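Asker:
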Amino acid sequence: MRVSDATTPEIGVLLLKLVPQSSIRFNSARSVHAALLRRIELVNPEISRLLHDAPHGAPSSDHPWAISPLLGQPEHTAQGLNALPGRQYTIRVAALLPQVVQALDAAFDADHPLGREPLFLESVPCHVIREETGWETLATYGHLLNTASPRRRIALRFLSPTGFRTARAGMPTPTPRLCLEGYLRKWTAFSGLSMPAEAILGYAEEHLTVRRTQLRPASVRLGWSVEEGVVGWVEWWAEGGSPFLLRLVNALANYASYCGTGMKTALGMGQTTRL
Numbered sequence: 000m001r002v003s004d005a006t007t008p009e010i011g012v013l014l015l016k017l018v019p020q021s022s023i024r025f026n027s028a029r030s031v032h033a034a035l036l037r038r039i040e041l042v043n044p045e046i047s048r049l050l051h052d053a054p055h056g057a058p059s060s061d062h063p064w065a066i067s068p069l070l071g072q073p074e075h076t077a078q079g080l081n082a083l084p085g086r087q088y089t090i091r092v093a094a095l096l097p098q099v100v101q102a103l104d105a106a107f108d109a110d111h112p113l114g115r116e117p118l119f120l121e122s123v124p125c126h127v128i129r130e131e132t133g134w135e136t137l138a139t140y141g142h143l144l145n146t147a148s149p150r151r152r153i154a155l156r157f158l159s160p161t162g163f164r165t166a167r168a169g170m171p172t173p174t175p176r177l178c179l180e181g182y183l184r185k186w187t188a189f190s191g192l193s194m195p196a197e198a199i200l201g202y203a204e205e206h207l208t209v210r211r212t213q214l215r216p217a218s219v220r221l222g223w224s225v226e227e228g229v230v231g232w233v234e235w236w237a238e239g240g241s242p243f244l245l246r247l248v249n250a251l252a253n254y255a256s257y258c259g260t261g262m263k264t265a266l267g268m269g270q271t272t273r274l
């Protein structure tokens, strides 16, 4: 649905199909981030600044959107992984505030000339295809909270490299507590609805276990640096405990499809969907 057809959507996931006119680096997430900011600045400079800088009151590492790098099939070349000209790729952009939903909708509205302009990644023009609505989903925070059920099985897929800031060496498994800490932080910053964070994290420690995983290492290029993470899926299982807290855990797992998982979600990491 279009944003104008929804009942005041507060969060949403926009899907954009891109067709580059020449080869570009496939995993350069920073170029996607910069291109999206430039486009949004043309329709709403204030929102572009909001997305670049953390909103007042939010942790400096948290931004009210989450983006993916290019998603699709890259080509292995001598220079690394490349996106090829004429081939279609996808960018997934999630908005965590209503004004960001509106700005994204305006920036890529195919009914207006700007929406038909190419998006430039690393100076390469990419034709943008927005399908009939473009929005994979639109919702409100209240809807996420009120429609969550106490499901014992929680499975998440990580579409882009997902990592965490921890003191431990090596790549940590996306455990319930690691993931939920980030979801709760963003929920608190952007939803305007309170959750009993300590009770939820305590429930995760006592009643949630990692039952199955299928994860592999992956990396994403952020300017001159390369960040390591994992892609694949993880399945958690809830055993016992409060059905009320389990329902809140499920609401946060649903929120993961918007806010992403782990660190640097505004720069292409941690894109997540619930299975």
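Under numbering that gives the first Met the number 0, the first residue of the sequence shown is numbered 0, with each subsequent residue one higher.
Just so it is clear, CB atoms sit at the ideal spot from N, CA and C, and this is done for glycine as well.
Note that the structure is a prediction, hence the values are computed from the model and not measured.
(1) Which same chain residues, not among the five before or five after Y254, have their C-beta less than 7 Å away from its C-beta?
(2) Taking only three categories from DSSP, how would you classify E74?
(3) Using the rule of at least 16 other Cβ atoms within 10 Å of the residue's Cβ for burial, across every protein chain shown, is G162 buried or exposed?
(4) Please classify M0 as buried or exposed, where buried requires at least 16 other C-beta atoms within 10 Å of its C-beta.
(5) In whole angstroms, give me the CA-to-CA distance for R38 and L80.
(6) List the whole-angstrom C-beta distance separating A94 from R151, where the pair is believed to meet the contact cut-off of C-beta under 8 Å.
(7) Tell me whether R29 sits in a helix, a strand or coil according to DSSP, three-state version.
(8) To the nearest angstrom, how far is it from the Cα of P68 to the Cα of A154?
(9) First and last residue of the alpha helix (DSSP H) that includes R48?
(10) Bridge partners of Y88, per DSSP?
(11) Given a threshold of 16 other Cβ atoms within 10 Å of its Cβ, counted over all protein chains shown, does N249 qualify as buried or as exposed?
(12) Just how far apart, CA to CA, sit S148 and E130?
(13) Taking the Cβ atom as the reference point for each residue, do A82 and I23 lie within a distance shorter than 9 Å?
(14) Look at the Cβ atom of L192, then the Cβ atom of Y257, and state whether they are nearer than 9 Å.
(15) Please state whether DSSP places F218 in a helix, a strand or coil.
(16) According to DSSP, is H206 helix, strand or coil?
(17) Give a yes or no on contact between the stretch 225-242 and the stretch 116-130, applying the rule of three or more CB pairs nearer than 8 Å.
(18) Does DSSP classify T174 as helix, strand or coil?
(19) Going by DSSP, what residues sit across from Q213 in a beta bridge?
(20) Spatial neighbours of R215 within its chain, please: CB distance less than 7 Å, with the 5 preceding and 5 following residues excluded, ordered by chain position.
(21) Can you say whether W64 is buried or exposed, counting buried as having 16 or more other CB atoms within 10 angstroms of its CB?
(22) Kindly list the residues whose CB is nearer than 6 Å to the CB of N43, restricted to its own chain and excluding five residues on each side of it in sequence; keep chain order.
(23) Can you find the residues in the same chain that come closer than 8 Å, C-beta to C-beta, to R29, ignoring five residues on each side of it along the sequence?
(24) Name the two residues that bound the continuous beta strand (DSSP E) containing A154.
(25) Go ahead and label Q270 buried or exposed: buried means 16 or more other beta carbons lie within 10 angstroms of its beta carbon, across all protein chains shown.
(26) Can you round the beta-carbon distance between I128 and V18 to whole angstroms, since I take them to be within the 8 Å contact cut?
(27) Would DSSP call L83 helix, strand or coil?
(28) Using 8 Å for Cβ pairs, my map puts R210 next to W235. What's the rounded Cβ distance?
(29) Where A5 and F107 are concerned, what is the direct C-alpha to C-alpha distance, given to the nearest angstrom?
Answerer: For this structure:
(1) The answer, listed in chain order, is L143, Y182 and W186.
(2) strand
(3) buried
(4) The predicted model places M0 with a pLDDT of 43, which falls under 50 and marks its position as unreliable; any figure quoted below should be read in that light. It counts as exposed.
(5) In a straight line, the C-alpha of R38 is about 25 Å away from that of L80.
(6) Between R151 and A94 the Cβ distance is about 30 Å, and since that is not below 8 Å, they are no contact.
(7) helix
(8) 22 Å
(9) P44 to H51
(10) L17
(11) buried
(12) 31 Å
(13) yes
(14) no
(15) A small correction: the amino acid at residue 218 is Ser; Phe does not occupy that position in the sequence shown. Note: S218 maps to strand in three-state DSSP.
(16) Reduced to three states, the DSSP call for H206 is helix.
(17) no
(18) coil
(19) According to DSSP, Q213 bridges with W232.
(20) V229, V230 and G231
(21) buried
(22) A102
(23) Closer than 8 Å at Cβ, skipping near neighbours: R220, L221, G222, L266 and G267.
(24) R152 to T161
(25) When all chains shown are included, Q270 counts as buried.
(26) 7 Å
(27) coil
(28) 6 Å
(29) Bear in mind that a pLDDT of 46 at A5, under 50, signals an unreliable position, so the model cannot answer this.
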